[in-house]
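Accompanying notes for the structure given below.
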Amino acid sequence: MNKRGFASDNFSGVLPEVLEAINEANQGHVMAYGGDHYTASAIEKFKHLFGENIDVYFAFNGTGANVIGLSVLTQSYNSILCPATAHIQVDECGAPDKFTGCKVIPIDTPNGKLTPELIKPQLHGFGFEHHSQPKVISITQCTELGTVYTPEEVKAICDLAHEHDMYVHMDGARLANAVVSLDVDAKEITTNAGIDVLSFGGTKNGMMLGEAVIFFNPDLSKNAKYIRKQSMQLCSKMRYIGAQFDAMLTNELWLKTARHANAMAKLLKDEVEKIPQVTITQEVQTNGIWALIPKDKIEKLQEEYFFWIWDEHTGEVRWLCSFDTTKEDILGFVDLLKQELA
Numbered sequence: 610m611n612k613r614g615f616a617s618d619n620f621s622g623v624l625p626e627v628l629e630a631i632n633e634a635n636q637g638h639v640m641a642y643g644g645d646h647y648t649a650s651a652i653e654k655f656k657h658l659f660g661e662n663i664d665v666y667f668a669f670n671g672t673g674a675n676v677i678g679l680s681v682l683t684q685s686y687n688s689i690l691c692p693a694t695a696h697i698q699v700d701e702c703g704a705p706d707k708f709t710g711c712k713v714i715p716i717d718t719p720n721g722k723l724t725p726e727l728i729k730p731q732l733h734g735f736g737f738e739h740h741s742q743p744k745v746i747s748i749t750q751c752t753e754l755g756t757v758y759t760p761e762e763v764k765a766i767c768d769l770a771h772e773h774d775m776y777v778h779m780d781g782a783r784l785a786n787a788v789v790s791l792d793v794d795a796k797e798i799t800t801n802a803g804i805d806v807l808s809f810g811g812t813k814n815g816m817m818l819g820e821a822v823i824f825f826n827p828d829l830s831k832n833a834k835y836i837r838k839q840s841m842q843l844c845s846k847m848r849y850i851g852a853q854f855d856a857m858l859t860n861e862l863w864l865k866t867a868r869h870a871n872a873m874a875k876l877l878k879d880e881v882e883k884i885p886q887v888t889i890t891q892e893v894q895t896n897g898i899w900a901l902i903p904k905d906k907i908e909k910l911q912e913e914y915f916f917w918i919w920d921e922h923t924g925e926v927r928w929l930c931s932f933d934t935t936k937e938d939i940l941g942f943v944d945l946l947k948q949e950l951a
């Protein structure tokens, strides 16, 4: 399957700049386990992005990053609150439950976003030994439905959490798409809003592999290095992850790629809105479109431009654009939609 489809930004290749950085790092011997200058340079760029008072740990993948962050913040008797659509609830095979020992409590939302009003009914049982103790609110930016939290919405959740001696974890697998959509400084929806730990995505935005776990209060992360090792997320040849992040954070490459993916999704939205048989189900704010199409047409469409079914019962599908999606990809897919849905 070499044709570009719309299944996932994980399907895309690797940015040329990232491949070049990997090749450059592939010279001679350097210290293992993060003791190299590539990793040090990337961490300095993260500090420039989010502030000096952060602690950064690289991991192989998003599930690993989430597990590390959540494990550091919790004990096994705690609970983690998240949207019912959250990746940690739906798509990580129970890894957060297994490794943290915590009860993950999903909360239904209309658009993938938690609000203080949705969270408050779960904030009870504090100090009661028969009840899992709420400790973390986990939000995703952008959400698993492509929607975004404004800085004010993030801060409201963080303020509520901190009032109850709780923490806020942000799954930022597609943080770049949210930053571009909101047109804000990354600090506004993380550091300044009160986020405690962030899983910063690299893979979906054009890296070969690698995510970063960022603690905004280093006092919280004193045991993170041990948990990363136990979680099998400590890379011995760390330079290859560090070099990728170093490239991504140079000249705002991480935002340029996301800006292109978002623009392609906007183009796709504008085109499919003209097709009567397509109903867009979520506001298109980032690089994804959720839509209802006739169920009997899905398989034929997937043969040409592969995409995932979001809800088999309703016929809702998800179309994601990537850093390498082209206008020709969009228009070719739209032509096929018109032909098959006519």
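Numbering (the numbering used here) for the sequence shown: 610 to 951. Where is the CB? At the ideal position from N, CA and C, for every residue including glycine. Since the structure is predicted, the reported quantities are computational estimates derived from the model, not experimental observations.
Bridge-paired residues (DSSP) for residue i
{"i": "valine 681", "result": "Per DSSP, none; premise fails for valine 681."}
{"i": "valine 777", "result": "Ile746"}
{"i": "alanine 821", "result": "Phe667, Phe809"}
Residue i, DSSP secondary structure in three states
{"i": "glutamine 842", "result": "coil"}
{"i": "isoleucine 889", "result": "strand"}
{"i": "lysine 712", "result": "strand"}
{"i": "leucine 784", "result": "helix"}
{"i": "alanine 634", "result": "helix"}
{"i": "alanine 649", "result": "helix"}
{"i": "aspartate 933", "result": "coil"}
{"i": "glycine 897", "result": "strand"}
{"i": "isoleucine 918", "result": "strand"}
{"i": "glutamate 701", "result": "coil"}
{"i": "asparagine 814", "result": "helix"}
{"i": "tyrosine 835", "result": "helix"}
{"i": "aspartate 938", "result": "helix"}
{"i": "threonine 799", "result": "coil"}
{"i": "glycine 673", "result": "helix"}
{"i": "valine 639", "result": "coil"}
{"i": "proline 719", "result": "coil"}
{"i": "leucine 945", "result": "helix"}
Limits of the beta strand (DSSP E) - the one that residue i falls within
{"i": "asparagine 806", "result": "It should be noted that the sequence gives valine, not asparagine, for residue 806. Taken as a continuous stretch (DSSP letters only), the beta strand (DSSP E) holding valine 806 covers 806–810."}
{"i": "tyrosine 666", "result": "664–668"}
{"i": "isoleucine 689", "result": "687–692"}
{"i": "alanine 874", "result": "Run containing alanine 874: none in the beta strand (DSSP E); it sits in the alpha helix (DSSP H), 862–881."}
Buried versus exposed, by CB contacts within 10 Å (16 or more), residue i
{"i": "phenylalanine 737", "result": "exposed"}
{"i": "proline 827", "result": "exposed"}
{"i": "glutamate 820", "result": "buried"}
{"i": "glycine 703", "result": "exposed"}
{"i": "phenylalanine 854", "result": "buried"}
{"i": "valine 699", "result": "exposed"}
{"i": "alanine 951", "result": "exposed"}
{"i": "methionine 857", "result": "buried"}
{"i": "serine 845", "result": "exposed"}
{"i": "histidine 696", "result": "buried"}
{"i": "methionine 779", "result": "buried"}
{"i": "alanine 787", "result": "buried"}
Continuous alpha helix (DSSP H) stretch holding residue i: start and end
{"i": "valine 926", "result": "Valine 926 -> not in any alpha helix (DSSP H); beta strand (DSSP E) instead, spanning 925–929."}
{"i": "cysteine 767", "result": "760–772"}
{"i": "leucine 754", "result": "Note, leucine 754: premise wrong, no alpha helix (DSSP H); not H, not E."}
{"i": "glycine 851", "result": "848–857"}
{"i": "lysine 909", "result": "907–913"}
{"i": "isoleucine 902", "result": "First-last for isoleucine 902: undefined, no H or E at that position."}
{"i": "glutamate 726", "result": "725–728"}
CB contact below 9 Å: residue i versus chain D
{"i": "arginine 783", "result": "Protein chain content of the structure displayed is limited to a single chain, and chain D is not contained in it."}
Member of the options whose CA lies at the smallest distance from the CA of residue i
{"i": "tyrosine 686", "options": "Phe669, Gln636, Gln742", "result": "Gln742"}
{"i": "histidine 646", "options": "His657, Trp928, Ala634, Ile939", "result": "Ala634"}
{"i": "lysine 875", "options": "Phe825, Lys936, Val713, Tyr835", "result": "Lys936"}
{"i": "lysine 865", "options": "Tyr758, Ser790, Glu880", "result": "Ser790"}
{"i": "serine 830", "options": "Leu818, His869, Asp618, Tyr776", "result": "Tyr776"}
{"i": "glutamine 839", "options": "Leu628, Gly673, Asn662", "result": "Gly673"}
{"i": "cysteine 691", "options": "Gly644, Gln750, Val639", "result": "Gln750"}
{"i": "arginine 602", "options": "Ile716, Gln891, Glu913", "result": "No answer is possible for residue 602: it lies beyond the span of the chain, which begins at 610 and ends at 951."}
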